[in-house]
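Everything below concerns the one structure shown next.
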Amino acid sequence: MTENKLIIGTAPDSWGVWFADDPKQTPWERFLDEVAESGYKWIELGPYGYLPNDPTRLAEELKARDLKVTAGTVFTAFHRGLDQWETAWEPARKVAELTAAMGGEHIVVIPAMWRDDVTGEAVESGQLTEKAWSDLFSGHNRLGKTLLEDFGLKQQFHSHADSHVGAQQDIETLLAATDPEYLNLCLDTGHAEYCGASSLELIKNYPDRIGYLHLKQINPDILKKVNEENMTWAAANLAGVMTEPPNGLPDLRAVIEAVEALNRPIFGIVEQDMYPVAFDVPMPIAKRTRNYLLSCGSRTAVN
C-alpha cells in the first residue's frame, strides 16, 4: 500500500465466523471462494485456526483466488494484571507469525469483555481501577513494541462493546496514555456507535492515531432497545443490532470522506457481525456493501 487510498477489504466475520471451528459457520473454502467472487482482494485472517495455519498451504489458497491478508486478530486482558502477558503472548505470537508470513502489516487487538457473552453475567467490574488502567496501558505498549520489533507488525487497538474501552472517554484515555509508535486505533465504526463514541470526532481529533478501520453500521432502533434492556453484545447481535450499509449509523459516506482527507493509505475492512447465519446470506450482502462503499469516496478502492 503506497498510494493514498482507502482500500476496502472484508473478514470472516462478515460470513458469520466467530470461532476457529463451528458447524454453524461457513466452511473456510467457501468463504475464500465467495470473497473473491464478491470482488474483494484483501481479507483478515479471522479467528486463528479457521483458515489453514500452515503458511505454505494458506499462501497457495490465497494466491489461487488472488487474495491478500491485511491483519490477524488477537485478544488481551492486560487490565487484569501484568501476569496476563504470558496468557496473551503465546496465542498472539502464533497469529503474528502467520500474519507476517502472509505479508500482513497489522494486528487487530480486542480487549476482554467484562461480562459473559452468553449468560450476560458480570465476570468482573465494568469499571477499571487506576492500577487496572495502568496495567492495560503497560501491557499494550509492550505488546505493540514486541509486535513491531519481532514481526514488523502494527498494533491496532479495537475498542469493543461490553469491554472497558468502548466509550469516547475510554478511547481518549487510552490514546493519551499509550505510545503512538506502538498503539493506534482500529476504528470500528459500529462498536464506536454502539458505545456512544463518535467516529467522525475521533478521526478529526486524533488523525494520526487512526491506523486501521472496521466499517459497519448499527440499527439505531435496535440499539435503543439494547440500551433499555441492558442486553449483552451477543444478544444484541441476535436481535439484529448490526445492519447492512447504508441503512444504519454512523454515516459511512461521511466517515470515508473524513478518512480520505487524512491523505494516507489505510485499510477499511467490512466486518458485519452475523453469527450465526445461513450460508447463502453473506455473499449478496458483501457484494452490495462493497459497491456502496466504493461509491462513497473518490479514492476508495479494492486494490
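Residue numbers (full-length UniProt numbering): 1 to 303. Virtual Cβ for every residue (Gly too), placed ideally from N, Cα, C. Since the structure is predicted, the reported quantities are computational estimates derived from the model, not experimental observations.
ask   = In or out: residue 156 buried (at least 16 other Cβ within 10 Å) or exposed?
value = buried
ask   = So, is residue 63 buried or exposed, given that buried needs 16 or more other C-beta atoms within 10 angstroms?
value = exposed
inquiry  = At 4 residues or longer, what runs of the alpha helix (DSSP H) sit wholly inside the stretch 156-233?
reply    = 168-177, 189-194, 199-205 and 220-229
message = Considering Cα atoms alone, identify which of 93, 232, 119 and 69 is closest to residue 144.
response = 93
key: According to DSSP, residues forming a beta bridge with residue 242   = 218
request  = Return yes when the Cβ of residue 70 is within less than 9 Å of the Cβ of residue 104, no when it is not.
outcome  = yes
query = According to the neighbour-count rule (16 or more other Cβ atoms, all chains shown, within 10 Å of its Cβ), is residue 82 buried or exposed?
reply = exposed
message = Beta-carbon within less than 6 Å of residue 303's beta-carbon, same chain only, minus the 5 sequence neighbours each way: which residues are those?
response = 41
ask   = Going by the CB atoms, is the gap between residue 106 and residue 279 shorter than 9 Å?
value = no
key: Separation of residue 193 from residue 227, as counted between CA atoms   = 12 Å
Cβ pair residue 274, residue 242 closer than 9 Å = yes
query = With contact counted as at least three CB pairs below 8 Å, one residue from each stretch, are the stretch 215-226 and the stretch 167-178 in contact?
reply = no
key: Residue environment, residue 217, which counts as buried when at least 16 other CB atoms sit within 10 Å   = buried
inquiry  = Quick check on the burial criterion: 16 or more other C-beta atoms within 10 angstroms. Buried or exposed for residue 123?
reply    = exposed
key: residue 268, DSSP secondary structure in three states   = strand
query = Between the Cα of residue 210 and the Cα atoms of 139, 263, 169 and 250, which residue gives the shortest distance?
reply = 263
query = Any idea which residues DSSP pairs residue 145 with across the strands?
reply = The partner list for residue 145 (beta bridge, DSSP) is empty, contrary to what the question assumes.
task = Please report the residue range of the alpha helix (DSSP H) in which residue 255 lies.
result = 252-260
task = Starting from residue 71, follow the beta strand (DSSP E) in both directions and report where the run begins and ends.
result = 68-76
message = Once DSSP output is grouped into helix, strand and coil, what is the label at residue 122?
response = strand
request  = Confirm, please, whether the CB-CB distance from residue 55 to residue 28 is below 9 Å.
outcome  = no
message = Looking at residue 73: is its Cβ nearer than 9 Å to the Cβ of residue 47?
response = yes
request  = Grab me the residues of residue 261's own chain with a C-beta within less than 8 Å of its C-beta, minus the 5 sequence neighbours each way, in chain order.
outcome  = none
request  = Could you tell me whether the stretch 158-172 touches the stretch 109-120, where touching means 3 or more Cβ pairs closer than 8 Å?
outcome  = yes
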